[in-house]
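Protein chains in written order, with numbering that gives the first Met the number 0: chain P, 0 to 239; chain A, 0 to 133. For each residue, glycine too, the CB sits at the ideal point set by N, CA and C. A quick note: this is a predicted structure, and the numbers were derived from the prediction, not measured. One structure below.
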Amino acid sequence: MNDPRLAIIPDRFDKIKRIIAVSSGKGGVGKSMVAVALALALRDKGKVVGLLDLDFTSPSTHVILGVEGLVPHEERGITPPVTHGLHYMSIVHYSTDEPVPLRGSDASNAIIELLAITRWEELDYLIIDMPPGIGDATLDMIRLIPRIEFLVVTTPSRLAYESVRKLLVLLRDQNVPTIGVLENMAMEHYEYIEAETRKTGARYIGRIDFDASVEASIGHPKELEKTKLFKRLQAIISSL
Amino acid sequence: MHEWALAEGVIKTADKFAEEQGMEEVTEVRIAIGELQQIEHEIIEFALDQMRTPRMKNAKFVIETVTATFKCRKCGHEWKLDTGKLDEETGEAIHFVPEMVHVYLKCSNCGSPDFEVTEGRGVWLANMKGRKRD
């Protein structure tokens, strides 16, 4: 018979207005940084925001936020703790800083379990930091949360974009709502990503220049808010 | 409590299945619970009782525990879960997300975290009995 967890997952997202998966074909493009900065920028606009780290094997949003030892509240499931004004859920609440060596089916099961037991408050936005690629997590989220919208991050590298292009084609072919492509760590006078993105039919949202101060802001969200990356995202939000 | 979330899923799935099968009344729901998750039977039974749908008004909920067994993918060793050896924090993490077993347990023969949970993971509907519409 059916997996009982699947029956309750849609209800868990009922009280959330928009669900945005920050995704990429490749790792190392600044996806987690964009996800956290986006969540904080939306919070600054007075929105109620949740942040869900689904990168189970390499979670990093807690490092960017500089938080540890958070414990979800138990009440007919679990309620994410609130930190820096964000309703925050991550596997690190359970794995601490230990390695999480999961094969595909186990990773999928862990995602389903977490989605089934997490009870979100009423949110304007849920920002999801996705693991890179088009594997289990991406396929599970497309399958389980039809309302999900993808925000795809790339760097100017043709290697990064080659994987991103495959993600864009998958999303297009599966009719998954896609907000567009954000070019991170951009280089001047380089139009390759913009031109290639348009060829897939996806929207090119804009570019965020490489900003060395971002690395130094890790663990200090207030410093992150002073970076050019953050200010650029604040400007981009209105077009989301 | 996690048991409540599972009970909610069980009730919804069972009710949908009964609807699809044209069952007017459900008389018995048999639920298999993997030992790995260390579900408190009393709590899930209470939660199931509280969430009964009209067609499950008189249904009997039967809960079966399935022993958790593991098989190492590296050396082939097979072993069973010893819940007595889990500390409170580990037990709690596995209770919420059973895959966390790969974070906290290793093969008892070779020490690898690359093992399969061959039995006793999760919760599922094993069987249902009821009366169909005339």
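Please report the distance separating the alpha-carbon of residue 147 of chain P from that of residue 233 of chain P. 21 Å
How many angstroms separate the CA atom of residue 31 of chain A from the CA atom of residue 94 of chain A? 16 Å
Taking only three categories from DSSP, how would you classify residue 162 of chain P? helix
On the DSSP bridge assignment, give the partners of residue 75 of chain P in chain order. According to DSSP, residue 75 of chain P bridges with nothing at all.
Supposed close pair residue 101 of chain P, residue 101 of chain A - CB separation, criterion 8 Å: 6 Å
I'd like the ranges of any alpha helix (DSSP H) spanning at least 4 consecutive residues and lying wholly in the stretch 66 to 123 of chain P. 91 to 94, 103 to 116
7 Å Cβ cut-off: residues of chain P touching residue 128 of chain A: By Cβ distance, chain P contributes nothing, its closest Cβ being about 13 Å from residue 128 of chain A, past 7 Å.
In chain A, which residues lie with their C-beta within 7 Å of the C-beta of residue 93 of chain P? 92, 95, 96, 99
Does the beta-carbon of residue 154 of chain P have 16 or more other beta-carbons within 10 angstroms, so that it is buried, or is it exposed? buried
Span of the alpha helix (DSSP H), counted from its first residue to its last, around residue 57 of chain P: Taken as a continuous stretch (DSSP letters only), residue 57 of chain P belongs to no alpha helix (DSSP H), as it is neither H nor E.
Inter-residue spacing [alpha-carbon to alpha-carbon] between residue 130 of chain P and residue 103 of chain P: 12 Å
According to DSSP, what are the bridge partners of residue 126 of chain A? A:29
Quick check: is the beta carbon of residue 119 of chain A nearer than 8 Å to any beta carbon in chain P? no
Please classify residue 189 of chain P: is it buried, with 16 or more other beta-carbons within 10 angstroms of its beta-carbon, or exposed? exposed
Determine the closest residue to residue 122 of chain P out of P:13, P:226, P:3, P:166, with distance taken between C-alpha atoms. P:13
Return the chain-ordered ranges of every alpha helix (DSSP H) run that is complete within the stretch 72 to 120 of chain A and spans a minimum of 4 residues. 87 to 95, 100 to 103
Pop quiz: residue 96 of chain A and residue 90 of chain P are said to be a contact at Cβ under 8 Å. What is the actual Cβ separation, rounded to whole angstroms? 7 Å
Could you name the residues of chain P that residue 40 of chain A contacts, counting a contact when the two beta carbons are closer than 8 Å? Residues of chain P passing the Cβ test: none, with the nearest at roughly 16 Å.
The alpha helix (DSSP H) spanning residue 137 of chain P covers which residue range? 135 to 143
Interface flag, residue 2 of chain P vs chain A, CB-CB below 8 Å: yes
Quick check: residue 179 of chain P and residue 144 of chain P, are their CB atoms within less than 8 Å of each other? no
Closest Cα partner of residue 187 of chain P within the set P:199, P:176, P:209: P:209
Specify the secondary structure class of residue 18 of chain A as computed by DSSP and reduced to three states. helix
Can you tell me the Cα-Cα spacing of residue 198 of chain P and residue 167 of chain P, whole angstroms? 11 Å
Helix, strand or coil for residue 12 of chain P, going by three-state DSSP, please let me know. coil
Apply the 10 Å Cβ neighbour rule to residue 79 of chain P and answer buried if 16 or more other Cβ atoms are within range, or exposed otherwise. buried
Does residue 131 of chain A come out as helix, strand or coil in the three-state DSSP assignment? strand
Cross-chain neighbours of residue 101 of chain P in chain A, by beta carbon under 8 Å: 98, 101
Helix or strand or just coil, what does DSSP make of residue 43 of chain P? helix
Residue 176 of chain P to residue 16 of chain P, Cα distance in whole Å? 14 Å
Going by the beta-carbon positions, is the gap between residue 20 of chain P and residue 127 of chain P smaller than 8 Å? yes
Using a Cβ-Cβ cutoff of 9 Å, what residues of the stretch 74 to 92 of chain P are near chain D? List them in chain order. Looking for chain D here will not work: the only protein chains present are P and A.
Residue 2 of chain P - containing alpha helix (DSSP H), residue span: Looking at the DSSP string, residue 2 of chain P is not in any alpha helix (DSSP H), and its letter there is neither H nor E.
Residue-chain proximity (residue 78 of chain A, chain P), Cβ-Cβ < 8 Å: no
Chain-ordered residues of the stretch 2 to 13 of chain A with a beta carbon less than 7 Å from chain P: 3, 4, 5, 7, 8, 9, 11, 12
How would you call residue 106 of chain P, buried or exposed, if buried means at least 16 neighbouring beta carbons within 10 angstroms? buried
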